[in-house]
Amino acid sequence: IGSNDLTQLALGLDRDSEMVAHLFDERNGAVEKMVAMAIDAAKRSGKKIGICGQAPSDYPEFAEFLVRRGINSISLNPDTVIQTTNHILETEKTLDMAASG
7 IGSNDLTQLA LGLDRDSEMV AHLFDERNGA VEKMVAMAID AAKRSGKKIG
57 ICGQAPSDYP EFAEFLVRRG INSISLNPDT VIQTTNHILE TEKTLDMAAS
107 G
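First residue of the sequence shown? That's 7 in the numbering used here, and the numbers climb one at a time after it.
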């Protein structure tokens, strides 16, 4: 999943336009719904699915959303790898504890 392109298409916004760039947000409910649908479809088909784009690096809550939905891989900006990976590991730990307890 290319989160930047998906967001641009889902919201009908040109992220490079100064007039509407402030409205560009991958955390929008419509975008999250489309991402969830794509993840669910991949899972039903027995396929792996990943995401690239800015959102998981910029918004820890979006990375957490992806992990909770069951995404297989997430690309990150180099400057956020450690911080975001730690957040993902904590989310996975919480999910594991909830599943076992």
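We treat Cβ as the ideally placed atom computed from N, Cα and C, and that holds for glycine.
- Ser63 sits close to Leu82, with the two beta carbons spaced by under 8 Å.
- At the C-beta level, Asn78 and Gly52 stay beyond 8 Å of one another.
- One thing to note: Tyr65 has its Cβ no nearer than 8 Å to the Cβ of Arg21.
- A direct Cα-Cα distance of roughly 33 Å separates Ala16 from Ala104.
- Relative to Thr13, the option among Glu24, Met25, Val41 whose CA is nearest is Val41.
- Rounded to whole angstroms, the gap between the alpha carbons of Thr100 and Asp31 is 26 Å.
- Contact check for Thr97 and Val73: beta-carbon distance about 5 Å, within the 8 Å limit, so the pair qualifies.
- DSSP places Glu98 in the uninterrupted alpha helix (DSSP H) bounded by 87-106.
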